[in-house]
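Undergrad: One gets my numbering by counting positions in the sequence shown from 1 and adding 1039 to each. I'd like to ask some things about the structure below.
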Amino acid sequence: MKAAVLHRIGECPVFEDVPEPVPAPGEQLVQVTAAPLNAIDRALAAGSHYARPDALPAVPGVVGAGRLPDGARVLFGSQGGTMAERAATGPQWCYPIPDSVDDALAAAAWNPGLSAWMALTWQAELQPGQTVLVQGATGVTGKLAVQLARRLGAGRIVASGRNPETLRRLAELGADTTIALETAGAELAAAYAAAAGDSGYDLILDYLWGNPTEVLLDALGNHDLRPRSARTRLIQVGEMAGTHVSLPAGVLRSAGIEISGMGSGTMPPREVIERGLAELMGLLERGELHVDFDRVPLSRVAEVWAHDQRGRRPVFVP
């Protein structure tokens, strides 16, 4: 069968023939209809993610959409990769796709939409009226996070990012204030502080880490001994701007910041995932959630992988 194949860490996958996957006990083959190129797929292939491929060569792709042998349309995950004509999956990795939702749309929305929903609801327990900062909002995931925060009742949404055109569009998607990350240092810190206002941020969804978040954390620190009871929850989801930050102890003690991560090691129970996907698919069915994505033949994987998609999600079609 045809598949995308990664031969070396740091290189682009290539389109070539590979053996059919062999399902493990309890698994079955799924006919792949759509496989999105998510940020995690790029990071795994680049060697910048905390996880690594088990062995090379490897078929990339963590999630996809497809049809089971009984004809059921599902979103699925696979340890053996999804960017292929067929993949092996188990029932614990499969979730139904509603009849009125297109496979490619469902696949494009699943990873970024569900991660944002879980961070906002299950992990941060967003309450109506609270202030949310989406740090790195001009990508597909950030744009979905802004929309979901608005749907979930956020009182005020601040969005940061680099793409000026997308920053302007974020107001249409639900952002009240935007911060341009083209600025830096003291100017950027002042922008974060001004956007926080007197009440501060209740929740920060961080898709960047690195220098922008280091500046943000420093801007949130206080430099006096006045008692405060404010609580700011920072959920670390991505590292598009860097893998490390320098975090002074005084920031944690003076600003009430609580930092946790959203990833494979902090997954909620399956029933929470099912509830989140049901809500996500419902929004897609009603046309209440906009996802920027492009269908691309899987044969173009090397070409697409090598280029920045500028806020759009490629979805490979075998």
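Glycine residues also receive a C-beta, built at the ideal position from the N, C-alpha and C atoms. Just so you know, these numbers come straight off a predicted model, no measurement behind them.
1. Using three-state DSSP, classify Q1169 as helix, strand or coil.
2. Are V1340 and P1052 close, meaning C-beta to C-beta below 7 angstroms?
3. State buried or exposed for V1179, treating a residue as buried only when at least 16 other CB atoms are found within 10 Å of its CB.
4. State the Cα-Cα distance for the pair M1157 and S1299, rounded to the nearest angstrom.
5. What is the DSSP secondary structure of G1181, reduced to helix, strand or coil?
6. Checking 7 angstroms against the spacing of the C-beta atoms, do A1294 and L1259 come in under that value?
7. Using 7 angstroms as the threshold, is the C-beta distance between A1147 and V1276 below it?
8. So, for W1149: in the same chain, excluding its five sequence neighbours on each side, which residues have a beta-carbon less than 7 angstroms away from its beta-carbon?
9. In terms of residue numbering, what span does the beta strand (DSSP E) encompassing E1211 cover?
10. If you check the beta carbons only, do G1151 and L1183 fall under 7 angstroms apart?
11. By the 10 Å Cβ neighbour count, where 16 or more other Cβ atoms means buried, how is E1066 classified, buried or exposed?
12. Ignore the nearest five residues each way along the sequence and tell me which others in W1132's own chain have a CB closer than 8 angstroms to its CB.
13. If we call anything under 7 angstroms between Cβ atoms a contact, is V1311 one with R1334?
14. Could you pull the start and end residues of the alpha helix (DSSP H) that L1114 belongs to?
15. Hey, out of P1108, M1122, L1286, whose CA is closest to G1129's CA?
TA: Inspection of the coordinates gives the following:
1. In the structure shown, the three-state DSSP call for Q1169 is coil.
2. Contact: yes.
3. With 16 or more neighbouring CB atoms inside 10 Å of its own CB, V1179 falls in the buried class.
4. So the alpha carbons of these two residues sit roughly 13 angstroms apart.
5. Look at G1181 here: in three-state DSSP terms it is helix.
6. Closer than 7 angstroms, so yes.
7. Contact flag unset, no.
8. Excluding residues within five positions, the ones whose Cβ falls inside 7 angstroms are V1102, L1114.
9. Not the beta strand (DSSP E): E1211 falls in the alpha helix (DSSP H), residues 1203-1212.
10. Sequence check: residue 1151 is Pro here, not Gly. In this structure, P1151 lies near L1183, with their beta-carbon atoms less than 7 angstroms apart.
11. Buried, since its Cβ has 16 or more Cβ neighbours within 10 Å.
12. Same-chain partners within the cutoff: F1115, G1116, S1117.
13. Between V1311 and R1334, the CB-CB gap reaches or exceeds 7 angstroms.
14. Where L1114 is concerned, there is no enclosing alpha helix (DSSP H), although the beta strand (DSSP E) it sits in stretches over 1112-1116.
15. Sorting P1108, M1122, L1286 by C-alpha distance to the C-alpha of G1129 places P1108 at the top.
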